[in-house]
Amino acid sequence: MELQRIFTPEYVNQLVNDINPDNYKGDIAIYNANEVRRLKGVEKPDGLLEKMLNAADEYEAAIHLYEAYKSISPVVAASRSFWIYLTHVDLFKYVKREWPYLEIYEVDHKFRKQKRGDKRSETDMKKYILDHWMISPNGLMRTSLMNLWWSVYLTVDESLGDDHKYDLTKVFFSNNGMRTRRLGTGHLGRNKEALKGILTFMKDNPDVFESGLENRMIWITRHFNLIGGTKPLANLPYTFFKRELEKNRDLLKGISKREDVMGPNAII
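In my numbering, the protein residues as written are -12 to 255.
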């Protein structure tokens, strides 16, 4: 098999600092092939693009991506050169299909007086490219392919065997906002034990999260952030996080509106 290819670090900086939206409007991205290098010790997987394009949903596509690169080191998994090459070359068609709103707004923006279908400004097109083809300044959980791989890496549990090792991953992918904003972007989203405890509680108590998930996630993240002021969360086992939520199950179930978690009457 051939070795995986990546961009040079210098070229990545150039791509990020000089984004040209016209280079992303076609069926292939325009890039400088002279700025490509081979990645020692990592083989290019066969058929990954087709598997991801044919996946039933984002969860299944993420598993294909993770399985293809499950042996990469943490250094590679955090490398801009690796992920930005994939978004521009090997998996460009997948990224373009999943995030197709480069030139128009996909939703209404009331405060900015923009409507779904309106043409994006040049500045907003560059931001869209930065979020989905580059590495978002908002963090790894806001960046297309990197998001998918890390979401699986942080939630897979090999001890459960092949039939169930992705059970918590499926819970994590059940709500995009939870994964890419509320839970996935903070310190808890980078803590495997914390994620395991929280997602296990969610899996065991689906009735608590039938509605109002975002408000409950606001409470959960704030609750553990407060605990983190006195305890080192990074050193605690998943059972601590699970038990903490079990103690507050009735409180969580009682949260129904934003005022319950935000403002002067918020539940602490």
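In this text, a Cβ means the ideal position worked out from N, Cα and C, and glycines have one as well. All of these numbers come straight from a predicted model, not from anything done at the bench.
His75 by DSSP, collapsed to three states: which one? helix
Specify the secondary structure class of Leu93 as computed by DSSP and reduced to three states. Sequence inspection shows Glu at residue 93; the Leu mentioned does not correspond to that position. DSSP, reduced to helix, strand and coil, places Glu93 outside both helices and strands of the structure shown, so it counts as coil.
In whole angstroms, what separates the C-alpha of Lys80 from that of Asp14? Roughly 7 Å separates the two Cα atoms.
On the DSSP bridge list, what partners appear for Arg177? In the DSSP output, where bridge partners are listed per residue, Arg177 has none listed.
If we call anything under 8 Å between Cβ atoms a contact, is Leu155 one with Lys183? yes
Taking one C-beta from the segment 130 to 143 and one from the segment 28 to 36 each time, how about it: are there three or more such pairs within less than 8 Å? No: the two stretches stay apart, fewer than three of their Cβ pairs being nearer than 8 Å.
Is Lys152 helix, strand or coil by DSSP? coil
Under 8 Å between C-beta atoms of Leu135 and Ala49: The criterion of a C-beta distance shorter than 8 Å is satisfied by Leu135 and Ala49.
If you draw a straight line from the alpha carbon of Arg44 to that of Phe227, how long is it in whole angstroms? The sequence shown places Asp at residue 44, rather than the Arg named in the question. Straight-line Cα distance between these residues: approximately 32 Å.
Give the DSSP-derived three-state secondary structure of Gly184 in the structure shown. helix
In terms of alpha-carbon separation, which member of Asn19, Glu(-11), Pro61 and Val(-1) lies closest to Lys27? Lys27 has its Cα closest to that of Glu(-11), out of Asn19, Glu(-11), Pro61 and Val(-1).
Nearest-angstrom Cα distance between Met189 and Glu54? 25 Å
Helix or strand or just coil, what does DSSP make of Gly28? strand
Taking the beta carbon of Val94 as the centre, do at least 16 other beta carbons fall within 10 Å, making it buried, or is it exposed? It is exposed - the Cβ of Val94 has fewer than 16 other Cβ atoms within 10 Å.
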